[in-house]
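Residue numbers (numbering that gives the first Met the number 0), protein chains in the order written: chain A, 0 to 593; chain B, 0 to 155. Even glycine gets a Cβ: it sits at the ideal position worked out from N, Cα and C. Before any comments, here is the structure.
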Amino acid sequence: MANNITLTIDGTKVTVDQGQSILDAAKKVDIRIPTLCHHEDLCVAGNCRVCVVEMEGRNNLIPSCATPAEEGMEIITSSPKVRRARKDIMALLVSEHNTQCTTCYRSTNCELQDLAAEYNVDNNMYLSVLKPNGTIDKSSWSVEKDDSKCIRCQRCVRTCAEIQHVNALAVTERGRDMKVSTFMHLPMNEIVCTNCGQCITHCPTGALTERRYYDEIWEAIDDPEKHVVINTAPSVRVALGETLGFKVGERVTGKMVTALKKIGFDSVLDTDFTADLTIIEEANELLVRLKKAFVTKEEVALPMITSCSPGWVKFIEHMYPDHLAHLSTCKSPQQMFGALTKTYYAEKIGVDPSKIVSVAGMPCAAKKFEANRPEMRDSGFQDVDAGLTTRELGHMIKQSGLDFLDLEDSDFDSHMGESTGAAVIFGATGGVMEAALRTAYVVITGRNVPFENLNITPIRGMESIKEATIKFENCVSEYSFLEGVEAKFAIAHGLTNARTIMDQIARGESPYVFIEIMACPGGCIGGGGQPIPTNNEIRLQRIKAIYDEDMGKPIRMSHENPEIKKIYQEFLKEPLGEKSHHLLHTKYRKRKRY
Amino acid sequence: MAEVKELVKELSGKYGNKRESLIPILQGIIDRNYYLSKEAMLEVARELDVSAAEIYGTASFYSFLDTEAKGKYKIRVCKSITCDMKGKNSVVATMEGMLKIKVGETTQDERFSLLETNCIGLCDEGPAMLINDECFTKLTPEKVRTILGDYVRNKF
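This is the structure:
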């Protein structure tokens with residue numbers, strides 16, 4: 000659309016597209032208008048009124064987020080009238096907020112707190128209308144909901160509806176009784192919720208947070224009997240810095256490892272190792288399915304879909320319970336790691352697995368639920384004892400008093416610490432697909448994927464559903480049945496997009512052989528456990544950091560990882576073998592859709 | 000009570016199974032079953048392929064879409080200031096005595112629920128009340144005894 004509307008904001012002329020808001024126009028000329036209910040990922044709500052501005056010729060103040068810019072408008076964003084109104088609005092919001100800022104998990108990372116301080120709001124200007132006896136819903140493994148801190152901006156409701164199309168949260172009741180709640184106010188663990196945590200990263204206050212486990216981890220660390228192992232996901236290293244004073248997009252892999260070692264983890268390992276392992280298992284699983292479809296003409300579910308994202312897995316269990324056969328049976332890298340930590344790793348280092356506490360540092364809220372799935376006990380113990388978010392890790396590092404900015408780099412420990420660039424890119428949407436293709440193409444044709452530097456750029460980026468077609472030519476004899484086949488692949492991120500893909504499968508019209516789906520926009524780098532705020536600009540910078548990390552790796556294909564070769568030689572024997580089947584693969588269950 | 004599943008099917012046949020059919024369907028259930036049970040809301044969610052939370056959100060917004068069990072006859076007495084000043088309290092007290100229940104409660108035989116409502120737009124003829132869709136105005140304890148007595152004796 001052409002630039003076609005010119006207006007004046009605080010004396011500066013600015014031209015914007017038709018349909019853009021006054022707020023958009025102000026951003027364009029670097030004028031900051033405070034907002035609360037507004038989030039760039041979401042539709043406009045206009046319910047908090049914090050963004051009001053004055054308009055020449057209009058008596059009332061107008062909400063800048065919800066008012067489209069018009070030709071010739073003269074806007075004043077900071078006047079006595081505007082400042083007074085904003086201060087009043089903030090005071091009213093504070094009067095219904097549980098101002099426990101001293102003990103709140105979101106303290107110093109809270110939009111309400113920032114604005115209340117900025118506008119010098121008197122906590123007692125209005126009587127508190129906080130409802131007494133509020134309880135915090137801690138029923139879910141992943142998401143904690145504290146209504147006393149909710150300012151009813153409905154960002155979570157819009158997130159759950161627009162980004163995820165799950166609608167677990169809704170606006171209920173009316174007027175002063177209105178609250179963000181669930182079906183019949185059921186606890187969070189009884190509703191159709193994927194635990195993705197996007198509501199958390201979109202919440203401007205501490206009303207929605209992840210259920211936190213780091214106190215238990217400190218206890219385990221302090222217990223000399225316990226051998227505490229942590230593995231960290233690829234997306235953590237490109238975002239953790241944000242919570243500790245680094246710029247967005249800064250990679251802190253080495254410092255993170257040093258910090259975790261100094262904190263007292265007995266071993267700091269890399270989830271990327273099992274990401275590589277996932278590729279081997281999953282690529283083989285796909286090839287077996289293709290062989291059945293093409294050669295032995297057996298009934299087999301295609302397309303096959305990735306199963307790394309626990310939010311996505313719970314989503315399909317709820318929403319498409321009749322199509323679970325499409326999911327790869329591979330566990331997610333976190334769960335593979337857990338199962339191997341208490342078997343292979345325990346054996347290697349000679350520690351009794353009952354003494355091992357296995358922790359996963361994840362960009363994710365759903366990983367907490369996944370760790371507690373009753374079926375995830377294939378090692379004979381709970382495979383993963385706790386999943387911590389990137390934010391929780393940031394808190395632990397802060398608590399430890401380390402000067403993170405000045406830490407030296409160190410490497411991951413061995414036995415499951417080695418990884419490739421293919422594993423690193425798991426963190427970005429399209430990454431699992433790219434990693435799988437890098438390996439599968441070699442297996443099928445004996446050659447590297449026909450892309451410069453192995454970078455399969457067509458499947459990168461933030462487009463909602465991405466597609467690629469690869470033609471297999473000059474295949475090795477074992478895979479001659481794929482000769483000349485043009486295989487189609489798809490990648491979706493965000494569950495609204497996942498639904499589009501699944502509806503196509505349900506109609507029997509899916510043209511793909513393999514699909515990657517991640518629950519969160521941008522993939523894991525935009526996960527529900529990542530630093531707040533997250534928006535598209537930040538997602539893109541984290542994605543860039545992921546691909547930079549990939550390029551910096553000496554080995555960039557999963558099957559070339561020396562530790563992976565070793566674990567197959569010494570322990571697993573072969574992909575999809577008996578041990579793999581037992582430790583690395585899983586089953587899914589049907590859940591209710593409504 | 001009608002079988003919820005069949006009722007919802009019948010109503011969606013009549014009003015359609017789009018999002019915008021939600022309120023007519025919910026009203027249809029209220030007409031027949033007096034309130035929206037958990038099962039009924041889940042059935043509507045299934046029929047319209049809308050999340051249960053959204054159904055509940057809509058239902059809980061409207062005072063006339065009850066989500067808790069109510070009697071066949073819902074007596075809603077206006078509690079706004081005009082009706083209040085014109086003697087709503089004695090009207091309510093009379094009915095409480097007759098039905099042996101308090102405001103907000105339902106009789107044991109599930110015939111009557113005594114409720115208060117916000118303004119129903121009959122301030123000039125207050126105190127006013129509704130029994131289901133029928134309205135009664137200029138109420139007095141005597142008048143309400145006759146009206147309610149008729150329901151108790153003759154309407155089942």
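Counting along the chain, the unbroken beta strand (DSSP E) around A/I490 starts and ends at E485 to H492.
The beta carbons of A/E280 and A/C329 sit closer together than 8 Å. A distance below 8 Å separates the beta carbons of A/S399 and A/I262. At a cut-off of 3 residues, the continuous stretches assigned as beta strand (DSSP E) that sit fully inside the region 5-55 of chain A are 11-16 and 51-54. The DSSP-derived three-state label of B/C122 is helix. When C-beta atoms of the region 396-412 of chain A are compared with those of the region 353-363 of chain A, fewer than three pairs fall below 8 Å, so the two segments do not count as touching. If you draw a straight line from the Cα of A/Q99 to the Cα of A/I135, it comes to about 13 Å. Taking all protein chains in view, the Cβ of B/I54 is crowded by 16 or more other Cβ atoms within 10 Å, so the residue is classified as buried.
Scanning its chain for C-beta atoms nearer than 8 Å, with the 5 sequence neighbours on each side dropped, one finds around A/S20 the residues V43, S63, C64, A65, T66, P67 and A68, in chain order. No Cβ-Cβ contact shorter than 8 Å links A/E241 with A/K589. Judged by DSSP secondary structure, A/G360 falls within the beta strand (DSSP E) whose first and last residues are I355 to M361. Per DSSP, A/E73 is not a residue of any alpha helix (DSSP H); the beta strand (DSSP E) it occupies stretches across E73 to I75. By the Cβ rule, the region 535-551 of chain A does not count as touching the region 471-487 of chain A, because fewer than three pairs are nearer than 8 Å. When CB distances to chain A are screened at a threshold of 7 Å, the residues of the region 45-63 of chain B falling below it are R45, S50, A51, A52, E53, Y55, G56, S59 and F60, in chain order.
By the neighbour-count definition (other C-beta atoms within 10 Å, threshold 16), B/L121 is a buried residue.
Residue-level contact by beta carbon fails for B/K71 and chain A, as no gap is shorter than 8 Å.
With contact defined as three or more Cβ pairs closer than 8 Å, the region 560-572 of chain A and the region 412-430 of chain A are in contact.
Fewer than three Cβ pairs drawn from the region 179-191 of chain A and the region 498-512 of chain A lie within less than 8 Å of each other, which leaves the two stretches out of contact.
Under DSSP, A/D269 shares a beta bridge with A/T231.
Contact between A/I355 and A/V228 holds: CB atoms are separated by about 6 Å, below the 8 Å threshold.
By the CB criterion at 8 Å, A/N194 and A/A364 fall inside the cutoff. For B/F135, the enclosing beta strand (DSSP E) covers residues E133 to F135.
Chain A has a Cβ within less than 8 Å of the Cβ of B/K37. For B/L21, there are no neighbours in chain A by C-beta distance under 8 Å, as the nearest C-beta there is about 13 Å away. For B/L41, the C-beta contacts it makes with chain A under 9 Å involve F182, K591 and Y593, in order along the chain. Chain B places no beta carbon closer than 8 Å to that of A/N496, leaving this residue out of the contacts. Using a Cβ-Cβ distance cut-off of 8 Å, the region 452-464 of chain A and the region 293-308 of chain A are not in contact, since fewer than three pairs of beta carbons, one from each stretch, lie closer than that value.
Nearest CB-CB separation between A/R173 and chain B: below the 8 Å threshold.
Taking the Cβ atoms as the reference, A/Q153 lies roughly 7 Å from A/C36, within the contact range of under 8 Å. Rounded to the nearest angstrom, the gap between the Cα atoms of B/Q107 and B/R45 is 32 Å. About 26 Å separates the beta carbon of A/A544 from that of A/V312, a gap too long to meet the 8 Å contact definition. Inside the region 49-127 of chain B, DSSP marks whole beta strand (DSSP E) runs of 3 or more residues at positions 72-77 and 111-116, from first to last along the chain. Contact check for A/I8 against A/I74 passes: the beta carbons are separated by less than 8 Å. The continuous alpha helix (DSSP H) containing B/D30 extends over residues L21 to N32. The bridge partners DSSP lists for A/D136 are A/K144.
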